[in-house]
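**Student:**
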Amino acid sequence: MKGYVSYTEVTKAILDSLQVGDLVKVSDWKKPMEIKGVSENYAVMVQKNFGDTYYSVIEKKPRTAGQHNAMRQGFFHCGKDDYIFGATEFKYRFDDVEAVTSYLAEFEKGETHLSERTAITISQLQVKHRTVKK
Numbered sequence: 007m008k009g010y011v012s013y014t015e016v017t018k019a020i021l022d023s024l025q026v027g028d029l030v031k032v033s034d035w036k037k038p039m040e041i042k043g044v045s046e047n048y049a050v051m052v053q054k055n056f057g058d059t060y061y062s063v064i065e066k067k068p069r070t071a072g073q074h075n076a077m078r079q080g081f082f083h084c085g086k087d088d089y090i091f092g093a094t095e096f097k098y099r100f101d102d103v104e105a106v107t108s109y110l111a112e113f114e115k116g117e118t119h120l121s122e123r124t125a126i127t128i129s130q131l132q133v134k135h136r137t138v139k140k
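Residue 121 in my numbering sits at position 115 of the sequence shown; the count goes up by one each step and never skips.
Spelled out as structure tokens, the structure:
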């Protein structure tokens, strides 16, 4: 895991340090996802795998509503949104900066949330920060 920093105790400060372009592995993931957008309380990351696009939203607020499925009180989580038919306006265009910003704003406004059916607890985090060229 050359270049990755491992965190076994995930904090809001660590999640706040995520930037567009960073590579992230959550818990036992083998392949990283790339951060495509960041807001005050959320970050969205994407991975292309065999022509398909997979995404996950990180909630940078610990859960306060108790335990449900894989979500645990006091922990941070990531997963898909809870739209039944997908985010129709967004259409999951992760290369469109404005669309990603608008998508994250829907989370910030409470219009959507992490899916409690598919979200997972972030038990550990590995981050490879992008290198900024001067």
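Backbone N, C-alpha and C define an ideal beta-carbon position, used for all residues, glycine too.
Can you give me the C-alpha to C-alpha distance between V50 and S62, rounded to a whole angstrom?
**Tutor:** 6 Å
**Student:** From the DSSP output, in three-state form, read off Y109 for me.
**Tutor:** helix
**Student:** DSSP beta-bridge partners for N55?
**Tutor:** D58
**Student:** Any idea if E65 is buried or exposed, counting beta-carbon neighbours within 10 angstroms, 16 or more meaning buried?
**Tutor:** buried
**Student:** Using DSSP's beta-bridge definition, name the partner residues of Y13.
**Tutor:** L131
**Student:** Roughly how many angstroms separate the alpha carbons of D101 and M39, rounded to a whole number?
**Tutor:** Annotation: D101 to M39 spans about 14 Å, alpha carbon to alpha carbon.
**Student:** Going by DSSP, name the residue or residues bridged to D87.
**Tutor:** L120
**Student:** The beta strand (DSSP E) that contains K18, what's its start and end?
**Tutor:** Per DSSP, K18 lies in no beta strand (DSSP E); the unbroken alpha helix (DSSP H) holding it starts and ends at K18 to D22.
**Student:** With a CB to CB cut of under 8 Å and the five nearest residues on each side skipped, what residues in its chain are close to D28?
**Tutor:** Setting aside the 5 residues that flank it on each side, D28 is surrounded in the same chain by E40, I41, V133, K134, H135 and R136, each with a C-beta closer than 8 Å to its C-beta; the list follows chain order.
**Student:** Relative to the C-alpha of G9, which candidate in V103, V30 and N55 has its C-alpha closest?
**Tutor:** V30
**Student:** Considering just the uninterrupted stretch of the beta strand (DSSP E) at G43, what are its terminal residues?
**Tutor:** In the DSSP assignment, G43 falls within the beta strand (DSSP E) that extends over M39 to V44.
**Student:** With a threshold of 16 other CB atoms inside 10 Å of the CB of F56, please say whether the residue is buried or exposed.
**Tutor:** exposed
**Student:** Decide if A111 is buried, meaning its Cβ has at least 16 other Cβ atoms within 10 Å, or exposed.
**Tutor:** exposed
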